[in-house]
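K.L.:
Residue numbers (my numbering), protein chains in the order written: chain A, 35 to 314; chain B, 88 to 435.
There's a structure below that I have some questions on.
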Ligand SMILES: Nc1ncnc2c1ncn2[C@@H]1O[C@H](COP(=O)(O)OP(=O)(O)OP(=O)(O)O)[C@@H](O)[C@H]1O
Ligand SMILES: [Mg+2]
């Protein structure tokens, strides 16, 4: 993520987009419990997501993966009845600390949703750099052009849309919209990128593209991805966490470790059953 | 590969001979309608036709009755004369129509920010019981009869707003519409009567009357902004205002325009509140803070009682002008809404 603007700044000494080009961040969830009203959905979950690595969250439906993911960038608190306990630390700083701004936490920890949600009336170009505008970051036309191309390339969408950047984002196909959302998230140079089943509505080709994108982000951004697709988890992630919520109990992490080891020799019977498709 | 090969005047597609000539033409599909569908069509189209017929009848009735008066002075004279004296065959709608438009514009300038703010507050800030209470209060405001607004404006608002009107004309009197003839900025005790019964005060009262309906429409459209897009903006680090600007406002554009036009339509036709507040004059008065204003609807209400025959026809002509103006506003509104929708709703 550092490469794009560093060459240019050697010639210009004004502060600009370079300030927002960042190193991947290490994310630690410490003792997280979460509730919707009185309904407890996560119970003392701790997980460490290493900087620059891809961590996959797997587990059956309803076990709290999305809830956990949304806690990681403070989207959880948008739901009126939601509450939580615990800390989420980005490189050691609790993002829920009173001194932390919610907007900077979310800018540092980007999110891609299950259902693609580009701004439909906005052009593809403006969609890509909408994060800059929302954050009030000024940039010249040339800087924007560069950033748009770079972000769209990272999301492997550039070749498909380079001739129609001024058309509305809502006019793209579902898979293209999802990649546009990824490009939009990458344009603000997040340190962590959270993805909640980003491929569940995509065709195999688009899915492969997204996986390639994730692959190429390794080392630049910390990626946390929720997926129901075991092959996908095995392909893209280096670390893996298996969530499980038994009947009427809150979700917990049953097993956590290197993906390969976890798929080859699960320590827990329930993990073994799940990754081999015997339940869930 | 060439998809189409032309031999003589027969086109074969694809280009192997076994396929033969392309003789296909679209077939007619005849649909047999179900009984329930037929009934529904009948009932709904009857409703539509009746509404349309009533609109036409109103227009025809006004036109037929107005012809006598308009013919007597000629259409140009009718549009440009400010006085209203059918008895001496000297009348026109220049003053009243201008007054109507000015009052409506003042109302809109006040009501638009007010209703935008209120509807955004209701949808984006207020929560739970407070939100529901606000919604019902706004709806209740819409149900208050206009004569009550008029009385309140006359008895209460006017006295309290005159100070502000004076302040405006003192400091911004150099802008022509805020000037007040006969006002002396040096006089510490200016004449209050100069500022009463003005376009501004009438517009203010009308603004309060149209705020609820505008707010309802805007609130409705804002609240339908998709949660997915909202979260998308927040996830990029947007502040609440940033989210509103990039998601809620673009999404609700049609509702804002529609609500504004609805409010404008109502403001143009408002009668009794304006009638109570203004002191009618038959001269174009662009000084909105100055005493003296008029409107088509107020004119009709004012003169209707003493009218018969020709004088009535003159009032009908004024009514026709108002009818046409309102129609233009509404048609413009629907075209604008139709056009703005196409962008916002191209979601896959
Ligand atoms: N907005 C909400 N209000 C109340 N309860 C909720 C809400 N969202 C989720 N829940 C509950 O929290 C629990 C965990 O939900 P969550 O969406 O995190 O599951 P998940 O693991 O992401 O499932 P899936 O794989 O189906 O997406 C579920 O029992 C669900 O019913
Ligand atoms: Mg989920």
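Note that beta-carbon positions come from the ideal geometry of N, C-alpha and C, so glycine has one too.
(1) With H, G and I counted as helix, E and B as strand and the rest as coil, what does DSSP make of residue 230 of chain A?
(2) Would you say the beta carbon of residue 95 of chain A is closer than 7 Å to some non-hydrogen atom of ligand 1?
(3) Along the chain, where does the beta strand (DSSP E) that runs through residue 91 of chain A open and close?
(4) Would you say residue 198 of chain B and residue 320 of chain B are within 8 Å of each other, going by their C-beta atoms?
(5) Going by C-alpha distance, which of A/287, A/189, A/88, A/174 is nearest residue 242 of chain A?
(6) For the beta strand (DSSP E) holding residue 259 of chain A, just list the boundary residues, first then last.
(7) Any residues in the stretch 107-121 of chain A with a beta carbon nearer than 8 Å to a beta carbon of chain B? Which ones, in chain order?
(8) Tell me, please, whether the CB atom of residue 334 of chain B is closer than 8 Å to any CB atom in chain A?
(9) Interface residues of chain A around residue 326 of chain B at Cβ under 8 Å?
(10) Between residue 290 of chain B and chain A, is there a C-beta pair that is closer than 8 Å?
(11) With a threshold of 8 Å between beta-carbons, can residue 315 of chain B be considered close to chain A, or not?
(12) So what does residue 274 of chain A bridge to, in DSSP terms?
(13) Looking at C-alpha atoms only, which residue of A/233, A/170, A/270, A/88 is the closest neighbour of residue 254 of chain A?
(14) For residue 153 of chain A, go through chain B and note every residue whose CB falls closer than 8 Å to its CB, in chain order.
(15) For the beta strand (DSSP E) holding residue 309 of chain B, just list the boundary residues, first then last.
(16) State the CB to CB distance for the pair residue 228 of chain A and residue 106 of chain A, rounded to an integer number of angstroms; the pair is presumed to be in contact (CB under 8 Å).
(17) What are the start and end residues of the beta strand (DSSP E) that includes residue 183 of chain A?
(18) Does the Cβ of residue 256 of chain A have 16 or more other Cβ atoms within 10 Å, making it buried, or fewer, making it exposed?
(19) Among A/81, A/249, A/204, whose alpha-carbon lies nearest the alpha-carbon of residue 158 of chain A?
(20) What separation, rounded to the nearest whole angstrom, lies between the Cα atoms of residue 418 of chain B and residue 221 of chain B?
(21) State the Cα-Cα distance for the pair residue 429 of chain B and residue 168 of chain A, rounded to the nearest angstrom.
(22) Using a 10 Å radius around the Cβ and a threshold of 16 neighbouring Cβ atoms, would you call residue 261 of chain A buried or exposed?
(23) Taking 7 Å as the cut-off, does the CB of residue 117 of chain A come closer than this to any heavy atom belonging to ligand 1?
(24) Alpha carbons only, please: which of A/216, A/155, A/56 is nearest the one belonging to residue 187 of chain A?
(25) With 16 other CB atoms within 10 Å as the buried threshold, where does residue 374 of chain B fall?
(26) Where do the ends of the alpha helix (DSSP H) carrying residue 15 of chain A lie?
(27) Determine which residues share a DSSP beta bridge with residue 81 of chain A and list them.
(28) On the CB-based measure, 16 or more other CB atoms within 10 Å of its CB, does residue 230 of chain B come out buried or exposed?
(29) For ligand 1, is there any heavy atom lying closer than 7 Å to the beta carbon of residue 186 of chain B?
(30) Compare the C-alpha of residue 210 of chain B against each of B/191, B/307, B/343, B/369 and name the closest.
(31) If you check the beta carbons only, do residue 190 of chain B and residue 380 of chain B fall under 8 Å apart?
(32) Looking at residue 77 of chain A: is its Cβ nearer than 8 Å to the Cβ of residue 148 of chain A?
(33) Indicate, with yes or no, if ligand 1 has a heavy atom lying under 7 Å from the CB of residue 287 of chain A.
(34) Which of the residues in the stretch 281-300 of chain A, read from start to end, lie with their CB under 9 Å from any CB of chain B?
P.N.:
In short, the structure shows the following:
(1) Your numbering for residue 230 of chain A matches position 196 in the first chain. Of the three classes helix, strand and coil, the one that applies to residue 230 of chain A here is strand, per DSSP.
(2) To locate residue 95 of chain A, count along the first chain from 1; it is residue 61. Yes - ligand 1 has a heavy atom lying nearer than 7 Å to the Cβ of residue 95 of chain A.
(3) The residue given as residue 91 of chain A occupies position 57 in the first chain. Segment 88-92, the beta strand (DSSP E) holding residue 91 of chain A.
(4) Looking up residue 198 of chain B in the second chain gives position 111. Looking up residue 320 of chain B in the second chain gives position 233. Between residue 198 of chain B and residue 320 of chain B, the CB-CB gap reaches or exceeds 8 Å.
(5) Within the first chain, numbered from 1, the residue matching residue 242 of chain A stands at position 208. When each option's Cα is compared against that of residue 242 of chain A, the closest is A/189.
(6) Locating residue 259 of chain A in the first chain gives position 225, counting from the first residue. The continuous beta strand (DSSP E) containing residue 259 of chain A extends over residues 256-260.
(7) Residues of the stretch 107-121 of chain A that bring their beta carbon within less than 8 Å of a beta carbon in chain B comprise 107, 109, 112, 114, in sequence order.
(8) For the purposes of this step, residue 334 of chain B is taken as the residue at position 247 of the second chain. It does: the Cβ of residue 334 of chain B has a partner Cβ on chain A nearer than 8 Å.
(9) Sequence index remark: in the second chain, residue 326 of chain B carries index 239 (1-based). Those within 8 Å of residue 326 of chain B in chain A are 137, 168.
(10) Start at 1 with the first residue of the second chain, and residue 290 of chain B comes out as number 203. No, because no Cβ of chain A sits closer than 8 Å to the Cβ of residue 290 of chain B.
(11) By one-based count along the second chain, residue 315 of chain B stands at place 228. At least one chain A Cβ lies under 8 Å of residue 315 of chain B.
(12) Within the first chain, numbered from 1, the residue matching residue 274 of chain A stands at position 240. Per DSSP, A/90, A/291.
(13) For the purposes of this step, residue 254 of chain A is identified with residue 220 of the first chain, where counting begins at 1. Cα-wise, what sits closest to residue 254 of chain A is A/88.
(14) The sequence position of residue 153 of chain A within the first chain is 119, counting from 1. Result: 316, 319, 320, 333, 334, 337.
(15) Numbered from 1 along the second chain, position 222 holds the residue referred to as residue 309 of chain B. Premise fails: residue 309 of chain B lies in the alpha helix (DSSP H), 286-310, not in any beta strand (DSSP E).
(16) Position 194 of the first chain holds residue 228 of chain A. Position 72 of the first chain holds residue 106 of chain A. Indeed they touch by this definition, with Cβ atoms about 6 Å apart.
(17) Counting from 1 along the first chain, the entry for residue 183 of chain A is found at position 149. Element bounds for residue 183 of chain A: not the beta strand (DSSP E) but the alpha helix (DSSP H), 175-188.
(18) Numbered from 1 along the first chain, position 222 holds the residue referred to as residue 256 of chain A. Note on residue 256 of chain A: 16 or more other CB atoms within 10 angstroms of its CB, so buried under the neighbour-count rule.
(19) On the first chain, residue 158 of chain A is found 124 positions in, with the first residue counted as 1. With distances taken between Cα atoms, residue 158 of chain A lies closest to A/204.
(20) Taking the first residue of the second chain as 1, we reach residue 418 of chain B at position 331. Taking the first residue of the second chain as 1, we reach residue 221 of chain B at position 134. The alpha-carbon atoms of residue 418 of chain B and residue 221 of chain B are separated by roughly 31 Å.
(21) Here residue 429 of chain B is taken as the residue at index 342 of the second chain, counted from 1. Here residue 168 of chain A is taken as the residue at index 134 of the first chain, counted from 1. With a pLDDT of 44 at residue 429 of chain B, under the threshold of 50, the predicted position of this residue should be treated as unreliable, though the coordinate-derived value follows. When rounded, the distance between both Cα atoms is 24 Å.
(22) Taking the first residue of the first chain as 1, we reach residue 261 of chain A at position 227. Buried.
(23) To locate residue 117 of chain A, count along the first chain from 1; it is residue 83. Flag unset: Cβ of residue 117 of chain A not near ligand 1.
(24) The residue you call residue 187 of chain A lines up with position 153 of the first chain. The residue with the shortest Cα to Cα distance from residue 187 of chain A is A/216.
(25) Sequence index remark: in the second chain, residue 374 of chain B carries index 287 (1-based). Per the 10 Å Cβ criterion, buried.
(26) No answer is possible for residue 15 of chain A: the residues shown for chain A start at 35 and end at 314.
(27) Within the first chain, residue 81 of chain A is the residue found at index 47, counting from 1. A/63, per the DSSP bridge assignment.
(28) On the second chain, residue 230 of chain B is found 143 positions in, with the first residue counted as 1. Residue 230 of chain B should be labelled exposed.
(29) For this step, residue 186 of chain B is matched to residue 99 along the second chain. For ligand 1, no non-hydrogen atom lies closer than 7 Å to the CB of residue 186 of chain B.
(30) Against the second chain, residue 210 of chain B aligns to sequence position 123. Its Cα nearest to that of residue 210 of chain B, the residue B/307 stands out among B/191, B/307, B/343, B/369.
(31) Here the question's residue 190 of chain B lines up with position 103 in the second chain. Here the question's residue 380 of chain B lines up with position 293 in the second chain. Taking 8 Å as the Cβ cut-off, residue 190 of chain B and residue 380 of chain B qualify as a contacting pair.
(32) Residue 77 of chain A sits at position 43 when you count from the first residue of the first chain. Residue 148 of chain A sits at position 114 when you count from the first residue of the first chain. No.
(33) One-based indexing of the first chain puts residue 287 of chain A at position 253. False, no ligand heavy atom lies under 7 Å from that Cβ.
(34) Within the stretch 281-300 of chain A, no residue qualifies.
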